[in-house]
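Per the numbering used here: the sequence shown = residues 9 to 150.
In this text, a Cβ means the ideal position worked out from N, Cα and C, and glycines have one as well.
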Amino acid sequence: MRIQVIAAAICLCFSAPAMAQDKATIQSLSDRFAKAFNAGDVAAIAALYTEDAVILPPGGEMAKGKSAIQAFWKGAAEQLGDGKLTTVDVKPLGSEAAREIGTFTFRTKGAQPQEITGKYVVVWEKVGGDWKLATDIWNTNK
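Here's what the structure looks like:
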């Protein structure tokens, strides 16, 4: 009987979805991204990505790897601020990955700030005990 209980517990552990695969946890990771962006902390943004992550910005070339991604976000942070990300949907992709769909708002910097809105899709991957962005693509609504 004791062996059956232990076996059942092990099966439950391995079949349970990974922690970051719920909407609230993914939203907290997205909030961390927005907080770092709004503070201009591009190193903290880059730390949220896997070593071989890829971003696919609208109207631009894809960037691969943390240093290229950090350089991209440095340029973006010079032009944009007041970022907010909202998780709309999360879908587990096995136990080690999740797909997030969300929306964003930013404000341009300058004499006449404008609001920019859009949507994104990202793939989160579990790296060790942390969840990292592996693929990031977005576009604006206008």
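Compare the C-alpha of T143 against each of A105, G137, Q29 and Q122 and name the closest. Residue 143 sits at position 135 when you count from the first residue of the sequence shown. For T143, the nearest C-alpha among the options comes from A105.
Do three or more CB pairs link the region 32 to 45 to the region 65 to 78 at distances below 8 Å? no
Using three-state DSSP, classify D30 as helix, strand or coil. As a working note, residue 30 is residue 22 in the sequence shown. In the structure shown, D30 sits in coil (DSSP, three-state: anything other than H, G, I, E or B).
Within the region 33 to 91, note down every full beta strand (DSSP E) run reaching 3 residues or more, in order along the chain. 57 to 64
Buried or exposed, going by whether 16 or more other CB atoms sit within 10 Å of the CB of I63? One-based indexing of the sequence shown puts residue 63 at position 55. Buried is the call here.
Would you check if the distance between the CB atom of A85 and the CB atom of V131 is smaller than 8 Å? Reading the sequence shown from its first residue, position 77 is the one you call residue 85. Reading the sequence shown from its first residue, position 123 is the one you call residue 131. The answer is no: Cβ separation not under 8 Å.
Three-state secondary structure (DSSP) of A105: Your numbering for residue 105 matches position 97 in the sequence shown. Three-state DSSP puts A105 in a strand.
Status (buried if at least 16 other CB within 10 Å, exposed otherwise) for I109: The residue you call residue 109 lines up with position 101 of the sequence shown. Burial call: exposed.
Below 8 Å between beta carbons: does that hold for T148 and T125? By 1-based counting over the sequence shown, the position of residue 148 is 140. By 1-based counting over the sequence shown, the position of residue 125 is 117. In contact: T148 and T125 (Cβ atoms closer than 8 Å).
A52 to E123 span [Cα, whole Å]: In the sequence shown, the residue the question calls residue 52 occupies position 44. In the sequence shown, the residue the question calls residue 123 occupies position 115. Approximately 24 Å between the Cα atoms of the pair.
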